[in-house]
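Numbered by full-length UniProt numbering, the letters in the sequence shown go through residues 1 to 115 in order.
All residues carry an ideal CB built from backbone N, CA and C; glycine is no exception.
These numbers come from a predicted model, not from an experiment.
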Amino acid sequence: MFKSLLISKMDDRHSAQIAEIAESELPQGDVEVNVDCSSINYKDALAITGRGPIVRHFPMVPGIDFAGTVSASSHPEYQTGDKVLLTGWGVGEKHWGGLSEKARVKGDWLTPLPA
């Protein structure tokens with residue numbers, strides 16, 4: 001289990017709360033990352049408050065970027081322990097984002113951090 005900021009919407013009621021998530025609930029992807037940091041920017045604020053049509057489906061973990069350490073990978077370019085960053089690719093909008101302790105994404109979306 002790990003913690004994430006989770007946005008939900010039921011009928012017209014929008015909510016954002018810290019939730020305990022099981023690793024089995026992570027979306028599909030070939031790289032799992034222990035998230036070290038994620039910024040909060042204007043787009044994230046709109047998503048979290050529900051004041052803009054940012055989130056495409058619910059529930060959603062916001063955060064359009066993150067940096068962290070690979071914890072598991074089946075992608076040929078990334079191994080456990082690699083430092084990576086992700087920005088864009090619809091994370092926090094169409095795909096779970098970085099305001100979480102863990103993320104699972106497509107390795108092609110990641111950028112290796114310099115040593």
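Any chance the CB of residue i is under 7 Å from a heavy atom of the ligand FMN?
i   : result
M10 : Ligands displayed in this structure: none; no statement on the ligand FMN is therefore possible.
Return yes when the Cβ of residue j is within less than 8 Å of the Cβ of residue i, no when it is not.
i    : j   : result
L99  : L5  : yes
I64  : G88 : yes
F2   : I18 : no
V105 : V55 : no
A47  : G90 : no
Tell me the DSSP secondary structure of residue i in three-state form.
i   : result
I18 : strand
D36 : strand
K83 : strand
I64 : coil
S4  : strand
A47 : helix
S73 : strand
Roughly how many angstroms separate the alpha carbons of residue i and residue j, rounded to a whole number?
i           : j    : result
K102        : V35  : 5 Å
G52         : P114 : 35 Å
A72         : F58  : 26 Å
L26         : K94  : 14 Å
residue 121 : K83  : The chain is shown only over 1 to 115; residue 121 falls outside these bounds and no answer can be derived.
D12         : Y78  : 41 Å
Measure from the alpha carbon of residue i to the alpha carbon of each residue in the options, then state which is nearest.
i   : options                : result
H75 : P112, G107 and Q28     : G107
A67 : A45, R13 and L110      : L110
G50 : S15, G92, E25 and V31  : S15
T69 : I54, G81 and G97       : G81
I40 : S8, V61, K94 and E32   : V61
K43 : P27, G97, P112 and E23 : G97
Taking the beta strand (DSSP E) that residue i belongs to, which residues open and close that run?
i           : result
residue 120 : Any property of residue 120 remains undetermined from this structure, which presents the chain solely from 1 to 115.
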